[in-house]
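Each number in the working numbering corresponds to the 1-based position in the sequence shown with 10 added. To start, the structure itself, in structure tokens.
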Amino acid sequence: MIIGIPKESWRDEHRVALIPAGVYALVKAGHKVIVQTGAGLSCDFTDEAYDEAGAVLAFSETEVFGRADVIVKIMPPSLQESTWIARDKTLMSFFNFSVLNPKLMASLGDSKCTAIGYNLIEDRNGNLPVLTTMSEIAGMLLPQIAGRFLATQEGGRGVLLGGVAGIPAANVLIIGAGMVGSTAAEAFVGAGANVMVMDSDLDRLRKLERQTRHQINTAFVTPYNIERNLGNIDVLVGAVMIHGQQSPHVITEAHVKRMRKGSVILDVSIDQGGCVETSRPTTHSDPIFIRHGVIHYAVANIPALVARTAAHALNNMILPYTQLIADGGVAAIATNDMLQRGVYLYQGQCTHPEVARVLGWPVTPIDELISKE
Numbered sequence: 011m012i013i014g015i016p017k018e019s020w021r022d023e024h025r026v027a028l029i030p031a032g033v034y035a036l037v038k039a040g041h042k043v044i045v046q047t048g049a050g051l052s053c054d055f056t057d058e059a060y061d062e063a064g065a066v067l068a069f070s071e072t073e074v075f076g077r078a079d080v081i082v083k084i085m086p087p088s089l090q091e092s093t094w095i096a097r098d099k100t101l102m103s104f105f106n107f108s109v110l111n112p113k114l115m116a117s118l119g120d121s122k123c124t125a126i127g128y129n130l131i132e133d134r135n136g137n138l139p140v141l142t143t144m145s146e147i148a149g150m151l152l153p154q155i156a157g158r159f160l161a162t163q164e165g166g167r168g169v170l171l172g173g174v175a176g177i178p179a180a181n182v183l184i185i186g187a188g189m190v191g192s193t194a195a196e197a198f199v200g201a202g203a204n205v206m207v208m209d210s211d212l213d214r215l216r217k218l219e220r221q222t223r224h225q226i227n228t229a230f231v232t233p234y235n236i237e238r239n240l241g242n243i244d245v246l247v248g249a250v251m252i253h254g255q256q257s258p259h260v261i262t263e264a265h266v267k268r269m270r271k272g273s274v275i276l277d278v279s280i281d282q283g284g285c286v287e288t289s290r291p292t293t294h295s296d297p298i299f300i301r302h303g304v305i306h307y308a309v310a311n312i313p314a315l316v317a318r319t320a321a322h323a324l325n326n327m328i329l330p331y332t333q334l335i336a337d338g339g340v341a342a343i344a345t346n347d348m349l350q351r352g353v354y355l356y357q358g359q360c361t362h363p364e365v366a367r368v369l370g371w372p373v374t375p376i377d378e379l380i381s382k383e
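Shown next as structure tokens:
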């Protein structure tokens, strides 16, 4: 099997899907790996390192897409890249509801490819192993990001996250106590901020209180509790995610209008459509915009800020799935329930209910398609 790793074309995406160690493992297993030159440079993996790991270097993305049986990326392909995916090939990448492009999906469907979203891979207990790893990294970065944009020079309120003696620390409200929210809560507490976390799952809140040794306040997420606290916060973290679905707008435009001028919203749910009504996707090069006097940060690929760490973590998580597909082809999906849940296109047919709903497409359960083979 030939595995292809193209250089990411997505703006400000510095990660690479597989590092040289992952390539080495695939080559040792008898597979051929084609890596586009420069694919790992942004996270300090040189072409020489890939060459030494046994990869074949390609000088164009068209060569990678054209020769590979399995294309392993970070972000979804561009519309142009989708035209290079030939019939019956397999695409592995993150799947972002916020940039769901009907033309792109139609092109992928026409190619009869099978497409797997890392963030859709789910175990029987509802855990999302690949997404969890990236969420943990994103959560740890949030205090750094919030501190930057609270600064006076950035148009923020000029508030120090941790405060100083005799002066209160910043107030942080986190909506969602999943991996991003929980990790962010611990990181903000470590930075000295006053933290409140809201969620609809009381067990999650209890667990988080124990993890932080009761250094945070928690509340059940309701419109009343949100409105009651918005006027006093400096940072709002939107970390709402529903498995395999677009995030609901928990924070409305009316809520944003109640916030202090110069306060900061970090909408970490933006890759799933965003949980703040006034959010729109931003980039690392142009990370913020201001609406109703409130700074909005809505970068979908936050872990790319620490590309090398993120690439190591991602490699560790997706290598087993890549190995499975490389060893057994598309048919190997039938042997792995977690991988089946990550498939949103199977040989051109939509298999994911929420993707089908958003696009207005018919959906065919993956197990029905597999059972016909």
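All C-beta atoms in this analysis are idealised placements derived from N, C-alpha and C, irrespective of residue type, glycine included.
Alpha-carbon to alpha-carbon, residue j and residue i
i: R301; j: T288; result: 7 Å
i: H294; j: Q333; result: 32 Å
i: G200; j: A39; result: 43 Å
i: S210; j: L36; result: 42 Å
i: E71; j: M102; result: 15 Å
i: A111; j: D377; result: Before going on, a small fix: residue 111 reads as Asn here, not Ala. Rounded to the nearest angstrom, the two C-alpha atoms are 26 Å apart.
i: V247; j: S381; result: 43 Å
i: G191; j: G358; result: 35 Å
i: G149; j: T193; result: 5 Å
i: V66; j: L89; result: 26 Å
i: R351; j: L130; result: 6 Å
i: I328; j: I298; result: 31 Å
i: D98; j: V82; result: 15 Å
i: V260; j: S273; result: 18 Å
i: I305; j: V340; result: 45 Å
i: A195; j: D120; result: 44 Å
i: H265; j: E237; result: 7 Å
i: A342; j: I335; result: 6 Å
Assigned secondary structure, residue i (DSSP; H/G/I helix, E/B strand, else coil)
i: N326; result: helix
i: V26; result: coil
i: R290; result: coil
i: C360; result: strand
i: A63; result: coil
i: A308; result: coil
i: D377; result: helix
i: Q255; result: coil
i: K42; result: strand
i: V260; result: coil
i: T124; result: strand
i: M208; result: strand
i: L110; result: coil
i: A116; result: helix
i: V174; result: strand
i: N181; result: strand
i: S103; result: strand
i: V250; result: coil
Beta-carbon proximity of residue i to residue j, cut-off 8 Å
i: P30; j: A59; result: yes
i: S19; j: E73; result: no
i: E132; j: H253; result: yes
i: A229; j: A203; result: no
i: P363; j: V353; result: no
i: L215; j: V207; result: yes
i: G64; j: V43; result: yes
i: I84; j: E23; result: yes
i: G127; j: V80; result: no
i: V26; j: F55; result: yes
i: G157; j: L171; result: yes
i: I280; j: A249; result: no
Residue i burial status per 10 Å Cβ neighbour count (16 or more: buried)
i: N242; result: exposed
i: R21; result: exposed
i: Y234; result: exposed
i: A310; result: buried
i: V174; result: exposed
i: D337; result: exposed
i: P313; result: buried
i: I177; result: exposed
i: G32; result: buried
i: T345; result: exposed
i: R223; result: exposed
i: D296; result: exposed
i: K267; result: exposed
i: Q282; result: buried
i: K113; result: exposed
Where the beta strand (DSSP E) containing residue i begins and where it ends
i: F299; result: 298-301
i: A229; result: 227-230
i: D277; result: 274-277
i: I81; result: 80-82
i: I12; result: 12-15
Span of the alpha helix (DSSP H), counted from its first residue to its last, around residue i
i: I147; result: 139-160
i: S192; result: 189-200
i: A348; result: Reading off the sequence, residue 348 comes out as Met, not Ala. Its alpha helix (DSSP H) spans residues 347-352.
i: T72; result: 71-77
i: L51; result: Unbroken run through L51: none, as it is neither H nor E.
i: Q90; result: 89-92
The ligand SAH heavy atom lying under 7 Å from the CB of residue i
i: L89; result: Absent from the structure shown: the ligand SAH. Ligands present: none.
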